[in-house]
Structure formats: C-alpha cells, structure tokens
Amino acid sequence: MTVNEARFWNEMVSTLVLMATILPLAVILYRVRFHPLSHLPGPWFAAVGPFFLSIICYLGIEARVMRHYHEKYKTKTLRVSTNSVSISDPDAMHEIYVAQGGFVKDDRYANFTMGPVVSIFSAIDADYRNLRGQRLRNATQQQQIIGECIRDFMDQFRLLKEANDEVDILDLCARLSIDVVTGYLLGRRYDGLHEHDDLPISQRKHTKLSANPFVFSIVAFARFSLLPNWLFRCTYAASTWWASSPEVDRSFKRLGEYSDRLLKKTSTASQAEGIDSTDRSSSSSPMTYQGRLLAAGISPFEAKVQAQATIFAGADSTAIVLATILFHLVQNPSVNKRLHDEVESPEAQNMDTSQLPYLRAVVKEGLRLAMTNPTRLTRVVPPSGLQVCGQTIPPGTVVGCAAYVLHHDADVFDKPFEFQPERWLLPSTDEIVPSSIHDGDEVSHRLLPPKKGQQRELMEKHMIPFGVGLRDCLGKNLAMQEIHEAVRVVAASNILEGATTIQHQIKMKEWFNGEIIGHRLEIKWC
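Okay, here's the thing in structure tokens:
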C-alpha cells in the first residue's frame, strides 16, 4: 500500500468515525430540542428514544416513575419517550377515550394477542371488538351463582382459619373470582374453591389455585409489551422457553381441558336446541358467553380462546381488588368495625348492597388503591391533534392516562397512599356545608366549601379503575356486584376480627396488569 493510499484510508476511517459520532448526536439534539414534542416538559433522556420507557416497563416501575416526573415538573402533560406523552388531566379523558368512540389504540395492543386469535381485550378494530364484546355483556347465567360462590368462599375461609394460623387471602379471593366469572359467564364453574377438597385441610394453605401459573405468565409478558411486535414475539418466545416449568405446563393443560369441556357441552346443547348460527339476536333464555359467540358465527376454536381470555381478565383483576380491600380492613380495625355495624344494622337488611354508604366508600377506596391496570391506557392522537392544559399535542403522538398517577394525585386525594374510605363520604364542591357561628345572643350561619383535596366530584373524575369510554372493562358490573356482596358478607361475619397482616404493605409490579409481588397476601390471628 502506497503512502497516499494509506493516507486515504486513514482519512476515510476518521471521517466515518466522525460521522458515526455526529449523526447520533444530531438525532439526539433534534429529538430533545427541535422535535414537535420538545415543548413538553420531561426528562431529556426520555426524549432520546424508547429505551427509558421500555426499561421502566420491564422493571415494573413505570407508573410510580411517571407520577414522580409529573410531580417534579408540575405538569399534566409529561413527555415520556420520543413520541409518547403521559397525561394526568382528567378533563382530557373524554376526548381521548369517549368522544366519537375515542382515539384508536396504538400498536402496543397487538402484543396482547393470544396466539392466532385476537382477543376482545387486545382488539384494535372497533367492529371486531363490539361483535364479541356485546356477547360478553349479554352473557348471564342465574344471579344466584354469585351468592353460591360467596357462601363456598366463606366456608373455605372459616375452615382455613380454624386449621391454620395464616390464610392467603389473595389465593382465596382468586378462587372465588374464577368461580364467579366462569359460573356466571361460561355456565360451568372452574371449581377453584373446591379443587383441593380431597387434601387434608392443613395442606390447603400451601396449595394454590391451579390456574394461577396461567394467569401469572400472561401478566408477566406485559413487561415486554412496549417492544415492536416483531421483537416482542422473539423476546416473548425466548422468555416463555426460559420460564417454562412443569407447574406452568400443568396449569395451561388444566385450563385447556376445562375450555374443551365448555365448548363440547355448548356445541352439543346448541345442536340439541337447534340454535341458528346466523341469528345474532339475544336468546330469551340464559346463554353462556361461548354459546353466544357460536350463535354469532364465531368458530369453536376462537370461542375457546375468547373464553380463556375472559377467565384471565375477569378473575385476576377482581381477585386483586377484593384481596386489597380485605387487607386494608385487617389493617384498619376501626374501619372494619364501622363497616360491620353498617351491614348488620336493621336499616341495611332491606337495602341493596350497593346502596350502603360506608360499604360503597370502602369498595371505592379499594378500587382506588388496587389499580389492576396501573399504567397508561395508550391511544394515538388523530389528525385533528389534541389540546391539553394549553399544550398542543400533534397528530400521531401516543398518549394515555395512568390510573396510578390519577389515583395518587396529592392535590386531589389527601394522603393519597392511605386507605381512607371516609373521603368518599365528604360532600361535593357544589354541596354547601353550613357552619354555625355564635355572635352574642344571635346564631348566624356561614357556608363553607369542602377542604382542598376532598372535593367529591374532582375525586370521581380522577377515578378510572375500569378504564374509560367504550373500551372500558366489559365485566365491570359483574366485578362490582361480586366485590360488594363479598365484602358485605365478610364484614357481617366478623371473621377478620383480631387478624393482622403479615406483610406491612402491598407491593406491586406495575405492568399493564398489576401483579402483587410474591403472589400472596397473608393474614393471621394472634
């Protein structure tokens, strides 16, 4: 090689190194200072690329980190990635999630599809979801199934209390919820409350619901959900292989066998009754969810997958909320006592469960703290753009509100991390609180508004435990009925009296679906 050639190649290498240095810096500079979202506050390193958001999602700390930066920058519009914004203004939720059906979901939801079938919970196409979702809303079995499951739940609770010093209320609530969801919507209980009846009572404490590994594996893959779909598929496949175990395999097999029995029974009954698969109207007699899907022309294979998705979505979230409420009732004996007195009062005997004021307050506070979906429910800004608190968010931006951020807003909820049902008994801002003032021999009255942080309607606006708009939780009515009924029965029984919690607090992984760390919430009696 000649001297000139060597010089040429040295200069070429130097140029390439310089370009390799300058170009990434130029991209970073553009994204931080000149991008259409550069006017929004947020940590500069979040604007550089998707890495920051993907990392906190994987670690399960996304929601608390979002809240931290919302407070640090004192903003309702926080830039959390190159093209992504977290919004904590409840007034923006109507436009994002409700008006004209809300903004469309972003590509992230494609990662929640279970195999070849798009579930109603991951569907982006509104018509696809509505066809299947309406069958879920209308699918009902006899109302008494909820009461039957709660009676079995209390029987198991008493047996475990008598036989052991400790009871895992999370596992017990999971057994109740899966039986309610499957019995009410699918027509056949999974039998979580009785699947281990053959074991000695002393062993049941250490034997968990067989569906748990199935549920946990689905919850856990959400930590990869912010990855591009092609990368998500590769990562999820590798993660599934790495985390596979005989216990997980047995759980999937057990649920598959249960689903097969459902479809076989439903198909046989449909043929016997001559159900017309082209008839899309509601049946006059109670029908199961899978039965309505088959009657709507959905294939048996898809009906099976949708039924499994319903089991996961309905049972896990309700169990976490119910267990959270029971956990806080144990930690707050005065709340438990007041609740017991209300549900056992003569007036309560003729009242609908959901109309008891303090019970409603306890349940609402539990929903606020449980947050089964703590992170952002993301959508894509349409061509018309979005205005939030005077800030312009351009088309194509991924935006979303997070329950964790809204439910823990210290400007709205006084002591936001504390369990205080009484906050929901306070009057709203347009309700006037009279206060008597003695002035000599006369008594005058002045009108005082509620204290800051306790305005009832402002708190209500910040509550999104079931999502918002047309894509909110399809099973929220069933979940609310189960939670109210179960909490009422537990409070009336006084079974929690004298109990203490083993964990000091509930710690969660803040993935798309929240997961209680350790998969247990144990209480004991001294």
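Position 443, counted from 1, in the sequence shown is what the working numbering calls 467; the numbers after and before it change by one each time, with no gaps.
By construction, the Cβ of each residue, glycine as well, lies at the ideal position given by its N, Cα and C atoms.
Counting C-beta pairs closer than 8 angstroms gives fewer than three between the segment 122 to 132 and the segment 98 to 106, which falls short of the contact rule. Residues Val404 of the same chain have their beta carbon placed closer than 6 angstroms to that of valine 128, with the five preceding and five following residues left out of the count. Closest option to arginine 212, judged by alpha-carbon separation, among Glu190, Thr312, Val243: Thr312. From the listed residues Val513, Cys425, Glu539, the smallest Cα separation to alanine 116 is found for Cys425. As the crow flies, the alpha-carbon of valine 387 is around 40 angstroms from that of leucine 255. Remark: C-beta atoms of valine 412 and aspartate 113 approach each other more closely than 7 angstroms.
Straight through space, the alpha carbons of leucine 77 and glutamate 534 are spaced by roughly 13 angstroms.
Per DSSP, cysteine 425 is one residue of the beta strand (DSSP E) stretching across 422 to 426. With respect to the C-alpha of leucine 61, the residue from Ile85, Glu484, Ala516, Ser108 having the closest C-alpha is Ser108.
Distances from the CA of valine 367 to each of Ser146, Asn518, His432 were compared; the closest alpha carbon is that of Asn518.
At a Cβ-Cβ threshold of 7 angstroms, leucine 498 and leucine 217 do not count as neighbours.
Distance from the CA atom of aspartate 149 to the CA atom of lysine 289, rounded to whole angstroms, is 30 angstroms. Assignment of glutamine 415 by DSSP, reduced to helix, strand and coil, places it in the strand class.
The C-beta separation of glycine 139 from valine 329 comes to about 7 angstroms, placing the pair in contact by the 8 angstroms criterion. By the neighbour-count criterion, in which 16 or more other beta carbons inside 10 Å mark a residue as buried, proline 237 falls on the buried side. Under the rule that a run must span 3 or more residues, the beta strand (DSSP E) segments found entirely inside the segment 76 to 149 read 101 to 105, 108 to 111. Leucine 391 and arginine 153 have their alpha carbons spaced roughly 25 angstroms apart. Taken in chain order, the complete alpha helix (DSSP H) segments of 4 residues or longer contained in the segment 170 to 223 are 193 to 205. The Cβ atoms of valine 436 and methionine 90 do not sit closer than 7 angstroms to each other. A residue is called buried once 16 or more other Cβ atoms fall within 10 Å of its Cβ, and arginine 57, having fewer, is exposed. Nearest to valine 204 by alpha-carbon distance, out of Thr106, Lys531, Asn501, Thr377, is Asn501. Cysteine 258 counts as exposed, since fewer than 16 other C-beta atoms from the protein chains shown sit within 10 angstroms of its C-beta.
In the DSSP assignment, glycine 538 falls within the unbroken beta strand (DSSP E) covering 538 to 540. Between alanine 327 and serine 143, the C-beta spacing is not below 7 angstroms. Cα atoms of asparagine 28 and arginine 55: separation of roughly 40 angstroms, rounded to the nearest angstrom. In the three-state scheme derived from DSSP, where H, G and I count as helix and E and B as strand, leucine 250 is classed as coil.
For the set Arg156, Arg480, Ser378, the Cα lying nearest the Cα of glutamine 314 is the one of Arg156. It is roughly 27 angstroms from the alpha-carbon of glutamine 444 to the alpha-carbon of alanine 337.
The beta carbon of leucine 251 lies closer than 8 angstroms to those of Ser78, Asn135, Thr259 in the same chain, with the five residues before and after it left out.
Taken through DSSP and simplified to helix, strand or coil, tryptophan 549 comes out as strand. Inter-residue distance for arginine 175 and alanine 261 is about 41 angstroms (C-alpha atoms, whole angstroms).
Here glycine 84 has Arg247, Lys533, Glu534, Trp535 as same chain residues with Cβ atoms under 7 angstroms from its own Cβ, once five neighbours each way along the sequence are excluded. Arginine 199 is not a Cβ neighbour of leucine 223, given a cutoff of 7 angstroms. Pairing glutamate 389 with valine 51, the inter-Cα distance amounts to about 45 angstroms.
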